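> Just passing along the structure, written as structure tokens.
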Amino acid sequence: MEAVVFPEPDQVELREVDRPDPGAGEALVKVRSSTICGSDVKILHGEYAATDYPHIPGHEWSGEVVEVGDGVERLEAGDGVAAEPHVGCGECPRCMEGLYNLCEHYGEDEHGHAHIGFTSNGGLAEYVAVDTRALHTLETMTYDQGAFCEAAGVALHAVERAGIDGDDDVVVIGPGAIGLCAVQIARNGGADNVVLTGTREERLAPATDLGADHTVNVYEVDDVVDHVTDLLGGKRADLVVELAGTETASKQAVEMARRGGDVVLAGSTSAGRELNVDLREIVVGHKNIYGSVANPEWICERGLSMVERGTIDVDPLLTHRFALAEFEDALDAFQEREGGAFRVMLYPGQEPSEIDRTAVQRE
Ligand SMILES: [Zn+2]
Ligand SMILES: [Zn+2]
Numbered sequence: 040m041e042a043v044v045f046p047e048p049d050q051v052e053l054r055e056v057d058r059p060d061p062g063a064g065e066a067l068v069k070v071r072s073s074t075i076c077g078s079d080v081k082i083l084h085g086e087y088a089a090t091d092y093p094h095i096p097g098h099e100w101s102g103e104v105v106e107v108g109d110g111v112e113r114l115e116a117g118d119g120v121a122a123e124p125h126v127g128c129g130e131c132p133r134c135m136e137g138l139y140n141l142c143e144h145y146g147e148d149e150h151g152h153a154h155i156g157f158t159s160n161g162g163l164a165e166y167v168a169v170d171t172r173a174l175h176t177l178e179t180m181t182y183d184q185g186a187f188c189e190a191a192g193v194a195l196h197a198v199e200r201a202g203i204d205g206d207d208d209v210v211v212i213g214p215g216a217i218g219l220c221a222v223q224i225a226r227n228g229g230a231d232n233v234v235l236t237g238t239r240e241e242r243l244a245p246a247t248d249l250g251a252d253h254t255v256n257v258y259e260v261d262d263v264v265d266h267v268t269d270l271l272g273g274k275r276a277d278l279v280v281e282l283a284g285t286e287t288a289s290k291q292a293v294e295m296a297r298r299g300g301d302v303v304l305a306g307s308t309s310a311g312r313e314l315n316v317d318l319r320e321i322v323v324g325h326k327n328i329y330g331s332v333a334n335p336e337w338i339c340e341r342g343l344s345m346v347e348r349g350t351i352d353v354d355p356l357l358t359h360r361f362a363l364a365e366f367e368d369a370l371d372a373f374q375e376r377e378g379g380a381f382r383v384m385l386y387p388g389q390e391p392s393e394i395d396r397t398a399v400q401r402e
């Protein structure tokens with residue numbers, strides 16, 4: 040089968056590799072839609088310590104079950120499925136709490152842990168064999184929509200870390216695919232005002248149609264914290280969700296929250312970033328600061344339900360389509376944000392001539 044392989048950090052190849060066999064508790068899935076996110080770029084550059092090379096990336100994908108291993112009853116050949124990346128050991132205290140994203144046996148496949156596309160081979164390949172605990176059944180959704188399983192789950196978990204009370208003023212920082220999911224979750228979760236801030240006009244633009252009351256390009260205002268406060272009628276926000284992954288964004292997130300308000304920091308997953316804030320902001324501000332990573336507690340299932348109902352519209356976030364053989368072009372489009380790229384989708388098993396390019400919606 041054809042697969043994208045990172046032979047070692049900073050190298051990409053399209054290779055013929057052996058098709059995996061599903062082990063006990065696993066399903067073999069023929070990948071139909073598979074996308075790229077910022078984590079894949081970190082893995083490519085060797086910035087993710089737990090990844091062994093050679094590695095097949097891909098953790099945001101969907102496909103069709105073609106075979107199941109011993110003991111699998113929930114799924115059968117022909118089922119459409121979407122994957123979430125974390126499979127916990129199921130036995131450690133964190134897994135028992137449902138927080139399998141925090142599994143204490145992280146990276147230890149002998150304990151049954153897998154982080155698909157990170158510590159085990161992923162879905163940028165024609166086939167992938169994974170534990171069925173990572174798979175959610177697609178009923179009426181398309182494979183493209185299913186490939187947003189992880190993005191929707193990450194956004195939902197980040198918002199739910201603090202939760203929204205009706206009438207809350209919510210700020211989302213970071214207009215990527217996850218940020219635009221978070222905007223919709225806030226809007227449909229009863230928020231009063233929803234503000235999205237970012238640095239790229241073309242990525243802020245779709246947010247208005249998706250429920251943001253205001254978008255702010257941080258480069259076009261003198262002081263973004265003051266500007267957002269003005270937009271909220273002179274008040275600071277009840278909830279700020281940071282998904283931009285920079286020190287500046289995290290500092291702004293803390294400062295934008297009202298006294299007693301909530302701040303969720305979910306963007307910075309790389310080493311070496313520090314939070315440089317006057318601690319009185321947090322202490323005297325009596326603020327609740329949450330970290331949020333990934334999507335535990337089967338939350339992707341609820342995220343997918345929101346996609347299915349249209350509570351989260353992911354269709355505008357799919358901007359480019361490529362064959363698997365065009366992986367490097369796809370990566371360039373994603374990294375360079377060509378045409379305002381949000382998510383670029385790859386289609387294993389399809390030739391470049393078969394790809395419907397009409398998904399490119401913005402220039
Ligand atoms: Zn991702
Ligand atoms: Zn565990």
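Quick note: the sequence shown uses my numbering, first residue 40, plus one each step. Beta carbons are placed, not taken as given, at the ideal position from N, Cα and C, and that holds for glycine. Quick caveat, the model's predicted, so the values are computed rather than measured.
1. Alpha carbon to alpha carbon, how far is V302 from Q389?
2. Inspect the beta-carbon positions of G156 and H98 and report whether they are closer than 8 Å.
3. Tell me whether N403 is buried or exposed, calling it buried when 16 or more other Cβ atoms sit within 10 Å of its Cβ.
4. If you check the beta carbons only, do R54 and V68 fall under 8 Å apart?
5. Going by beta-carbon coordinates alone, are A362 and Y329 separated by less than 8 Å?
6. Taking DSSP as the reference, what is the three-state secondary structure of L278?
7. Any heavy atom of ligand 1 closer than 7 Å to the beta-carbon of C220?
8. G300 by DSSP, collapsed to three states: which one?
9. So is the beta-carbon of S78 under 7 Å away from any non-hydrogen atom of ligand 1?
10. Check E402 in the structure and name its three-state DSSP category.
11. Smallest Cα separation from A191: which of D170, D354 and G379?
12. Could you give the DSSP three-state label for M384: helix, strand or coil?
13. Touching or not, the region 81 to 88 and the region 120 to 136, by the rule of three or more beta carbon pairs under 8 Å?
14. On the three-state DSSP scale, how would you describe F187?
15. Whose C-alpha, out of L177, R312 and L249, is nearest the C-alpha of E403?
16. Identify, in the order they occur along the chain, each residue of the same chain with its Cβ nearer than 8 Å to the Cβ of K274, setting aside the five sequence neighbours on each side.
17. Is any heavy atom in ligand 1 found nearer than 7 Å to the beta carbon of H98?
18. Which two residues bound the contiguous beta strand (DSSP E) that contains E136?
19. Cutting at 7 Å between CB atoms, please list the residues of its own chain near I394, excluding the five before and the five after it.
20. State buried or exposed for Y145, treating a residue as buried only when at least 16 other CB atoms are found within 10 Å of its CB.
21. With respect to 7 Å, is the separation between the Cβ of E320 and the closest non-hydrogen atom of ligand 1 below this value?
22. Looking at I351: is its Cβ nearer than 8 Å to the Cβ of C188?
23. Would R319 and T358 be called neighbours here (beta carbons separated by less than 8 Å)?
24. For a test of the three-state rule: what should DSSP assign to T287, helix, strand or coil?
So, from the data block:
1. 43 Å
2. yes
3. With the chain running from 40 to 402 in the structure shown, residue 403 is simply not present.
4. no
5. no
6. strand
7. no
8. strand
9. yes
10. Note that E402 scores 41 on pLDDT, short of 50, meaning its location in the model is unreliable and no value can be drawn from it.
11. D354
12. strand
13. no
14. coil
15. Look at the range of the chain in this structure, 40 to 402, and you will see that residue 403 is not part of it.
16. D208, T268 and R297
17. yes
18. Per DSSP, E136 belongs to no beta strand (DSSP E) and is neither H nor E.
19. R360, F361, A362 and Y386
20. buried
21. no
22. no
23. no
24. helix
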